[in-house]
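Below is one structure, written out as structure tokens, with a few remarks after it.
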Amino acid sequence: MIFLLTLTLGIWLADELYETRYADCDDTTQELNGGPVSIGGSAYDITLCQAPALIGRGQVVRLLVKDSEGQKLARRYFLIGKFDEEHEALRFGSDAILYQDQSADMPLRAIQFPPSLQDWIMARLPFAL
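Written out as structure tokens, the structure reads:
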């Protein structure tokens, strides 16, 4: 038990020390069409923040979905081009958010609504997977 606690604490501490610092959340949220939205009759808040990509050109964007009470429901990371280049904003369907990921083979990605249990768990982990 102590081993697991120590391991968990070590992973959390390493993540806090080396975590990418995301910033410019207000501008990124506005630029990529985030903010308060209604999907499937429920209210959500979509926050997007950016950080420079470690490898290559572009920006890493963190997309965070919260419910109307501020509880984290989903978190995604994706790559976009530099902000002086053209990039696609979020698109909203009746039960999903669609976003463009320039790092993927299949660049159009989605978060289904309501977010899954896996999304809920991943949004709460103190480190990014």
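Residue numbers for the sequence shown follow the working numbering, so the first one is 26 and each next one is one higher. Where is the CB? At the ideal position from N, CA and C, for every residue including glycine.
{"Item": "Of the choices 77, 95, 96, whose alpha-carbon is the least far from that of residue 87?", "Value": "77"}
{"Item": "Over what stretch of residues does the beta strand (DSSP E) that includes residue 76 continue unbroken?", "Value": "67-77"}
{"Item": "Using CA coordinates, which residue listed in 65, 135, 48 is at the minimum distance from residue 114?", "Value": "135"}
{"Item": "Give me the Cβ distance between residue 69 and residue 51, rounded to the nearest whole Å; I'm assuming they're in contact under 8 Å.", "Value": "Residue 69 to residue 51, Cβ: 17 Å. No contact."}
{"Item": "Within 10 angstroms of the Cβ of residue 138, are there 16 or more other Cβ atoms? Answer buried if so, exposed if not.", "Value": "buried"}
{"Item": "Applying the 10 Å Cβ sphere with the 16-neighbour rule, what's the burial state of residue 9?", "Value": "Because the chain spans 26 through 154 in this model, residue 9 falls outside it and cannot be assessed."}
{"Item": "Using CA atoms only, rank isn't needed, just tell me which of 83, 84, 100 is closest to residue 90.", "Value": "100"}
{"Item": "For residue 143, which of helix, strand or coil comes out of DSSP?", "Value": "helix"}
{"Item": "Who are the near neighbours of residue 140 in its chain, counting only those whose CB is closer than 8 Å to its CB and skipping five residues on each side?", "Value": "90, 98, 99, 148"}
{"Item": "For residue 84, count neighbouring Cβ atoms within 10 angstroms of its own Cβ and tell me buried if that reaches 16, exposed if not.", "Value": "buried"}
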